[in-house]
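Read the structure below first, then the notes.
In this note's numbering, the protein residues as written are 7 to 178.
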């Protein structure tokens, strides 16, 4: 009976090794679970901004936007593409914003309607912004954005569900 003890110790070592691996997996999972946000910050469903009118002349693009949603809007993201075969506009136009405009300011990578961090464009209101073009563009996309407070932090939230796309053939 003493001769058969070697097999038992090898088996105990395998059980301990597998138990240790499982315990480490549970610890790593519990630790990494805290990094994933529990809820995604999003805009209300009825947030909408559309391109009412645009005018392109002398290398300047003037865009009139109207809030046709039910909530106030704080700003928007604007992207363009110079290839009409592209499906998504990828060139950020925020840096092309005309600094002489009164109704807008640059905020991070978006255009805000005022210098304060408030949603100032009420439902039904319109605003006109102008952009100085450096290259020709085929179409633009506008994504509305709102300032919202989540967990006592003010955040700029992209309303990606209400993208407004307009074909615009402009050259500088």
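Idealized CB from N, CA, C, for every residue including glycine.
Handout entry: CB of residue 53 within 8 Å of CB of residue 150, strictly
Key = By 1-based counting over the chain shown, the position of residue 53 is 47. By 1-based counting over the chain shown, the position of residue 150 is 144. Contact flag set, yes.
Practice task
Could you tell me whether the Cβ atoms of residue 131 and residue 73 are closer together than 8 Å?
Solution key: Numbered from its first residue, the chain shown carries residue 131 at position 125. Numbered from its first residue, the chain shown carries residue 73 at position 67. Against a cut-off of 8 Å, the Cβ pair of residue 73 and residue 131 comes out as a contact.
Practice task
Could you pull out every residue in the same chain whose Cβ sits closer than 6 Å to the Cβ of residue 172, ignoring the five residues on either side in sequence?
Solution key: Position 166 of the chain shown, counted from the start, is the residue given in the question as residue 172. Taken in chain order, the residues that qualify are 57, 146.
Problem - Buried versus exposed, by CB contacts within 10 Å (16 or more), residue 46 - result: The sequence position of residue 46 within the chain shown is 40, counting from 1. Per the 10 Å Cβ criterion, exposed.
Exercise for the section: May I ask you to verify whether the stretch 80-98 touches the stretch 114-123, counting CB pairs closer than 8 Å and requiring at least 3? Expected result: yes
Practice task
Name the residue from 96, 41, 162 whose alpha carbon lies nearest to the alpha carbon of residue 113.
Solution key: Locating residue 113 in the chain shown gives position 107, counting from the first residue. It is 162 whose Cα lies nearest to the Cα of residue 113.
Problem - Among 160, 128, 34, the one whose alpha carbon lies nearest that of residue 55 - result: Indexing the chain shown from 1 puts residue 55 at position 49. Residue 55 has its Cα closest to that of 128, out of 160, 128, 34.
Practice task
Sort out for me which residues DSSP pairs residue 129 with in a bridge.
Solution key: Walking along the chain shown from the start, residue 129 turns up at place 123. According to DSSP, which records beta bridges pairwise, residue 129 is partnered with nothing at all.
Practice task
Could you tell me the distance, in whole angstroms, from the CA atom of residue 148 to the CA atom of residue 84?
Solution key: Here residue 148 is taken as the residue at index 142 of the chain shown, counted from 1. Here residue 84 is taken as the residue at index 78 of the chain shown, counted from 1. In a straight line, the C-alpha of residue 148 is about 5 Å away from that of residue 84.
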